[in-house]
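**Q** Below you'll find the structure I mean.
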Amino acid sequence: MSNQEMLDKLRDTIVTQNINGCAAATQEALDAGMTAVEIINDGLSPGMKIIGDKFEAAEVYLPQIMMSAKAMNAAMEILVPILAEEKGADDEGVGLAITYVQEGDIHDIGHRLVTTMLEANGFKIVDMGVDVPNDKISEEVAKNKGKKLLLVGSALMTTSMLGQKDTVSMLVEEGLRDSVKIMFGGAPVSDAWIAEIGADATAENAADAARVALNLMQ
Numbered sequence: 001m002s003n004q005e006m007l008d009k010l011r012d013t014i015v016t017q018n019i020n021g022c023a024a025a026t027q028e029a030l031d032a033g034m035t036a037v038e039i040i041n042d043g044l045s046p047g048m049k050i051i052g053d054k055f056e057a058a059e060v061y062l063p064q065i066m067m068s069a070k071a072m073n074a075a076m077e078i079l080v081p082i083l084a085e086e087k088g089a090d091d092e093g094v095g096l097a098i099t100y101v102q103e104g105d106i107h108d109i110g111h112r113l114v115t116t117m118l119e120a121n122g123f124k125i126v127d128m129g130v131d132v133p134n135d136k137i138s139e140e141v142a143k144n145k146g147k148k149l150l151l152v153g154s155a156l157m158t159t160s161m162l163g164q165k166d167t168v169s170m171l172v173e174e175g176l177r178d179s180v181k182i183m184f185g186g187a188p189v190s191d192a193w194i195a196e197i198g199a200d201a202t203a204e205n206a207a208d209a210a211r212v213a214l215n216l217m218q
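Per the UniProt record's numbering, the very first residue in the sequence shown carries number 1; after that it's consecutive.
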């Protein structure tokens, strides 16, 4: 089987939510001499992009998205230790992403998908979970100041979205704003909102979030 055929197989296991098949195809690609980065960027990520596009087009629904994410996670369990070896234990990859769901919100499906996609594209992750208050966010940013830092916050409700403005304001007040790129997402978040509150970017879906995040780090 050629490398391209193996990459296509990896992609298809994501699209078809084949968890065991994805893990097996990942190991098969590694055994054939492919790098973890190649497997992620050229096999797994295109699969997540396809499933994300299908979700946006209402061709698949949340259960399918979550099963594809589980397939991705099965592959990442194999690849994360190898990525560390390939990049060096102290390498922070393309950047360190602090991900969380805003205080007052416990909707974490989008958050988990975005976190998975960022990790798949080379980010090291600090996942703070759901219902995270702004003081905890600023503490985490301060602790990692000086690194290639990306803050990724999610809010699915208009009420919790308002907390994103407070997040930016707090980082400004504490002199941390210039040390971090800020990306916010969630159903009510728009480009106009991002511009109004002084954040850096938003994205339409998890696959697009990875692309936007990589561009911010450049």
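Beta carbons: idealized from backbone N, C-alpha and C, even for Gly.
#1: May I ask which residues mark the beginning and end of the alpha helix (DSSP H) holding residue 235?
#2: Drop a sphere of 10 angstroms on the beta-carbon of residue 160, count the other beta-carbons inside from all chains shown, and report buried for 16 or more, exposed for fewer.
#3: Determine the burial state of residue 136: buried for a count of at least 16 other Cβ atoms within 10 Å of its Cβ, exposed for fewer.
#4: Taking DSSP as the reference, what is the three-state secondary structure of residue 6?
#5: Under a Cβ-count criterion, where at least 16 other Cβ atoms within 10 Å of its own Cβ denotes burial, should residue 171 be classed as buried or exposed?
#6: Using CA coordinates, which residue listed in 47, 20, 10, 46 is at the minimum distance from residue 29?
#7: Does the pairing of the region 177-197 with the region 125-132 give three or more beta-carbon distances under 8 angstroms?
#8: Does the separation of the CB atoms of residue 65 and residue 23 fall below 8 angstroms?
#9: Quick check on the DSSP output: the alpha helix (DSSP H) that includes residue 42 runs from which residue to which?
#10: Rounded to a whole number of angstroms, what is the C-alpha to C-alpha distance between residue 162 and residue 111?
#11: Across which residues does DSSP place residue 53 in a beta bridge pair?
#12: May I ask you to report which of helix, strand or coil DSSP gives residue 114?
#13: Could you give the distance in angstroms between the alpha-carbon of residue 33 and the alpha-carbon of residue 117?
#14: Which residue wins for smallest C-alpha separation from residue 156, given the options 166, 20, 104?
#15: Distance, Cα to Cα, residue 146 vs residue 140?
#16: Within the same chain, show all residues whose beta-carbon is closer than 6 angstroms to that of residue 60, passing over the 5 residues directly before and after it, in chain order.
**A** According to the data block:
#1: Residue 235 is absent from the model: the chain starts at 1 and stops at 218.
#2: Along the sequence shown, one-based indexing puts residue 160 at 160. Label assigned to residue 160: buried.
#3: As a working mapping, residue 136 is identified with position 136 in the sequence shown. The residue is exposed, with fewer than 16 neighbouring Cβ atoms inside 10 Å.
#4: Within the sequence shown, numbered from 1, the residue matching residue 6 stands at position 6. Reduced to three states, the DSSP call for residue 6 is helix.
#5: Here residue 171 refers to the residue found at position 171 when the sequence shown is read from its first residue. Residue 171 comes out buried.
#6: Counting from one through the sequence shown, the residue named residue 29 turns up at place 29. Out of 47, 20, 10, 46, 10 has the C-alpha closest to the C-alpha of residue 29.
#7: no
#8: Locating residue 65 in the sequence shown gives position 65, where the first residue counts as 1. Locating residue 23 in the sequence shown gives position 23, where the first residue counts as 1. Against a cut-off of 8 angstroms, the Cβ pair of residue 23 and residue 65 comes out as no contact.
#9: Residue numbering aside, residue 42 sits at position 42 when the sequence shown is read from its first letter. Where residue 42 is concerned, there is no enclosing alpha helix (DSSP H), given that its DSSP letter is neither H nor E.
#10: As a first step, residue 162 is located in the sequence shown; it is residue number 162 there, counting from the start. As a first step, residue 111 is located in the sequence shown; it is residue number 111 there, counting from the start. Approximately 17 angstroms between the Cα atoms of the pair.
#11: For the purposes of this step, residue 53 is taken as residue 53 along the sequence shown, with counting starting at 1. Answer by DSSP bridge pairing: none, since residue 53 is not bridged.
#12: Against the sequence shown, residue 114 aligns to sequence position 114. Here residue 114 sits in helix by DSSP.
#13: Locating residue 33 in the sequence shown gives position 33, where the first residue counts as 1. Locating residue 117 in the sequence shown gives position 117, where the first residue counts as 1. Roughly 23 angstroms between the two C-alpha positions.
#14: Walking along the sequence shown from the start, residue 156 turns up at place 156. Ranking the options by Cα distance to residue 156, first place goes to 104.
#15: In the sequence shown, residue 146 corresponds to position 146, counting from 1. In the sequence shown, residue 140 corresponds to position 140, counting from 1. Their backbone Cα atoms lie some 12 angstroms apart in a straight line.
#16: Here the question's residue 60 lines up with position 60 in the sequence shown. 54, listed in sequence order.
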